[in-house]
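For the sequence shown, our numbering gives the first residue as 232, with consecutive numbering after it. Quick reminder that beta carbons are idealized off the backbone N, C-alpha and C, glycines included. Model, not experiment: these values are computed from the prediction.
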Amino acid sequence: MKTLIKYLVAALVVIMVSCDDTEQLIYEQPNSFTLAFNTDDELNVEIQTGAKIGINGEEYPVLSNACISMYDVPVANQYLIYYPANAQLSDNNLDYSLPTVQTYTQGVVDQSACPLYCLTDNDGLNNMQMNVACGGLKLFVPANEDFASLTSVTFESENDILTGDISLDATTGQVTFRENTSKTLVLKGDINISEGQELYLALPPMALGSALNITFVSPKGIGTCSVDLNGKSIERGKILSVALENIEWVSVTNYYGKANSIIVAPGTTSVTVDCTPYYTTSLNYTYESHAYDDSRLARSAKLLWNDVSTDFISNVSLSSDRKSFIATLNGQPGNAVIAIYDTEDPDAEDAAILWSYHIWVTDVTDQPFGMNSKGNNYTVMDRNLGAVSATPGDVGAIGLLYQWGRKDPFVTTNEVGKNTEAIMYNQVGTVSLKIESGGEEKGTVAYSVKNPATYIKYSRSKSNVATPPYYYSYDWLYWGDNALWGNPEGYNYPSAATIQKSVYDPCPEGYMVAPRDTWLNNSSSASGIEASVFLSTSNWDTEKLGYSLNYNGQGLWYPLGGLRNRKTGKLQDAEKSGYYWQSTAFASNGADASYMNVGKDKVDTAGKNSRANAFSVRCVRIN
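This is the structure in structure tokens:
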């Protein structure tokens with residue numbers, strides 16, 4: 232025990248006589264105490280090891296098993312213990328700032344938004360209990376698989392204050408608002424409602440007197456509803472439960488033009504590209520061509536890069552009606568990416584990209600495959616997307632690389648069988664590939680649209696495909712989305728009639744990314760390579776590094792193009808593998824995408840891989 236001895240001396244002075252009267256008060260302080268919580272509280276708030284609590288105006292760490300050392304705590308006759316530790320003290324009053332943004336944690340309230348306190352003496356430390364200053368609101372959200380992943384939920388009250396600066400009287404537990412108050416509160420986090428979910432909010436004690444308007448934000452769109460809380464109360468330490476009903480969900484996706492890749496015949500010196508603003512309400516992002524008003528029209532256009540030379544595209548200009556742009560070309564085969572902007576000057580500091588387009592100068596031939604073993608009939612391009620040749624062994628046959636679900640390309644190697652970066656140019660010189668890490672802010676479709684020339688490395692390093700949410704994966708996208716390439720259930724080998732082209736599909740108009748069964752032949756009894764159009768490994772060309780074969784009377788060439796790595800964005804495997812994305816997730820409850828892998832003595836038409844990798848794409852028509 233630590234002891235404080237306090238002497239009070241009173242002297243009574245009488246002529247020629249004196250005496251002393253001394254009173255000694257002793258306060259014994261424990262060496263430590265353990266944080267305990269009121270078992271009557273329904274909020275289940277805990278303070279984690281390593282967190283800081285406040286004691287009489289100073290901060291102290293929480294040790295293991297919720298133990299607090301009193302070694303450095305000055306001895307006192309009274310202790311005001313509180314969490315969070317950044318509260319301001321005035322006598323027995325604590326001033327907190329209740330956050331306007333709370334963090335979602337499944338099954339509990341955000342503990343940082345739920346202050347705790349205890350006022351006690353030395354004796355009370357042995358049996359102390361932390362009290363919660365707030366109550367909880369629990370909202371039951373019904374199951375919704377279409378909008379399963381929520382990024383945030385906003386709560387707006389018509390009359391009731393939800394957040395702001397508060398003052399807590401530690402002697403009575405009374406909470407009063409001071410300033411910076413708000414009737415709006417936002418809940419953020421990884422919220423999955425595919426099987427329904429419970430949302431918890433920490434709120435100060437109050438009598439509620441109005442409706443609560445709620446907005447759910449998902450990568451797919453938004454949902455809205457309102458719940459009448461008039462006459463209900465938030466009680467300290469208690470939870471008010473409310474079931475939400477009649478949530479109205481709306482999907483709205485903005486896009487521009489009718490396709491993201493435009494085929495131009497070699498020798499052509501000018502091309503006009505449609506950049507009319509549209510939107511779709513489809514959950515699969517299919518082209519619906521609902522026209523937007525003039526507020527979303529582009530204001531300028533600019534070349535981002537090409538893979539030929541500085542004069543490959545000499546000029547880009549927006550039309551007078553701002554619904555198309557004209558690019559001037561030198562006629563050579565090659566690739567370019569052109570972006571449209573929201574400002575008159577595309578080089579302005581605040582200029583933002585609205586959309587971008589792949590200009591593909593090449594000849595293209597179609598190759599009908601006929602009916603396959605799944606009953607689907609595809610016509611496949613004779614070359615990879617971005618390839619300017621279909622000649623075996625020609626580096627121009629390799630084409631470009633794509634992260635799964637993104638519409639914009641990245642260059643691959645400029646040497647067959649080597650991981651050497653192809654050079655990118657603009658109108659004044661060379662361009663370097665920008666590589667960034669993903670995450671909640673950058674691992675989004677919106678960010679990818681605004682940054683088409685940026686390779687986004689995977690957003691999460693931990694794979695979790697056993698239980699929802701399934702978006703924990705090596706994906707460039709923070710919130711997984713199986714529908715980006717228009718075929719969210721394609722892992723079941725769907726009927727071709729159910730497959731529709733997505734606005735994020737990188738293929739030219741009339742084509743789409745190959746579905747999962749594209750390279751199957753018509754034999755339902757065969758398996759492995761014998762079940763594919765490649766028929767046997769004898770068609771592997773060791774010298775030219777690819778598969779060359781004849782199928783249904785037409786020559787096929789599938790070169791090795793390697794990949795861009797999910798972790799680094801760098802090229803690899805150009806000497807040993809050709810990776811070809813398919814338009815679907817690998818499984819309904821998985822976080823990988825389907826792909827075909829070709830290499831020496833190997834063809835795998837039903838592989839799976841991480842979506843942050845960049846692979847080749849073969850475009851098809853569905854007959």
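So, is residue i buried or exposed, given that buried needs 16 or more other C-beta atoms within 10 angstroms?
i, result
"Phe-846", "buried"
"His-521", "exposed"
"Pro-497", "exposed"
"Val-619", "buried"
"Phe-371", "exposed"
"Arg-409", "exposed"
"Ser-763", "buried"
"Thr-773", "exposed"
"Asp-252", "At Asp-252 the pLDDT is 45, less than 50, meaning the model places this residue with poor confidence and gives no usable figure here."
"Ser-449", "buried"
"Cys-850", "buried"
"Ser-587", "buried"
"Pro-305", "exposed"
"Gly-285", "buried"
"Asn-840", "buried"
"Gly-488", "buried"
"Asn-390", "exposed"
"Asn-718", "buried"
Are residue i and residue j closer than 8 Å when you measure CB to CB?
i, j, result
"Thr-815", "Tyr-722", "yes"
"Leu-381", "Leu-434", "no"
"Gly-636", "Tyr-735", "yes"
"Asp-664", "Gly-468", "It is Leu, not Asp, that sits at residue 664 in the sequence shown. Against a cut-off of 8 Å, the Cβ pair of Gly-468 and Leu-664 comes out as no contact."
"Val-276", "Phe-268", "yes"
"Tyr-431", "Val-340", "yes"
"Thr-511", "Thr-484", "yes"
"Val-473", "Tyr-633", "no"
"Asn-650", "Gly-793", "yes"
"Asn-461", "Leu-475", "no"
"Asp-573", "Arg-614", "no"
"Gln-360", "Cys-349", "yes"
"Ala-374", "Gly-427", "yes"
"His-589", "Ser-492", "yes"
"Ile-629", "Pro-790", "yes"
"Thr-610", "Asn-796", "no"
"Trp-710", "Ala-843", "no"
"Thr-517", "Gln-658", "no"
"Ala-316", "Lys-283", "yes"
"Ile-445", "Gly-366", "no"
Using three-state DSSP, classify residue i as helix, strand or coil.
i, result
"Gln-803", "strand"
"Gly-617", "coil"
"Ile-629", "coil"
"Ala-344", "helix"
"Glu-720", "coil"
"Pro-435", "coil"
"Gly-793", "strand"
"Ser-847", "strand"
"Arg-527", "helix"
"Pro-396", "Going by the sequence as given, residue 396 is Asp instead of Pro. Strand at Asp-396."
"Ile-666", "strand"
"Ala-727", "helix"
Which value, in whole angstroms, describes the spacing of the CA atoms of residue i and residue j?
i, j, result
"Glu-519", "Ser-679", "21 Å"
"Ser-328", "Leu-715", "41 Å"
"Tyr-689", "Lys-831", "28 Å"
"Leu-560", "Thr-541", "11 Å"
"Ser-482", "Thr-331", "26 Å"
"Met-827", "Pro-623", "19 Å"
"Gly-470", "Ala-728", "Checking the displayed sequence, the identity of residue 470 turns out to be Ile instead of Gly. Roughly 50 Å separates the two Cα atoms."
"Ser-343", "Asn-262", "27 Å"
"Tyr-646", "Met-612", "The identity of residue 646 in the sequence shown is Glu, whereas the question assumes Tyr. C-alpha separation (whole angstroms): 23 Å."
"Asp-396", "Tyr-314", "15 Å"
"Tyr-705", "Gln-260", "53 Å"
"Met-301", "Gln-309", "13 Å"
"Ile-549", "Val-568", "According to the sequence displayed, residue 549 carries Leu and not Ile. So the two alpha carbons sit approximately 15 Å from each other."
"Leu-776", "Ala-579", "45 Å"
"Asp-207", "Ser-425", "Past the boundaries of the shown model lies residue 207; the chain is included only from 232 to 854, so the question cannot be answered."
"Ile-584", "Gly-452", "21 Å"
"Leu-325", "Thr-675", "40 Å"
"Leu-535", "Lys-638", "15 Å"
* Asked: Does the stretch 379-395 come close enough to the stretch 295-303 to have 3 or more Cβ pairs within less than 8 Å?
  -> no
* Cβ contact check for the stretch 726-743 and the stretch 751-764: 3 or more pairs under 8 Å -> no
* Counting Cβ pairs, one atom from each stretch, are 3 or more of them under 8 Å apart for the stretch 349-359 and the stretch 450-457? -> no
* Asked: At a cut of 8 Å, does the stretch 590-602 reach the stretch 778-785 through at least three beta carbon pairs?
  -> yes
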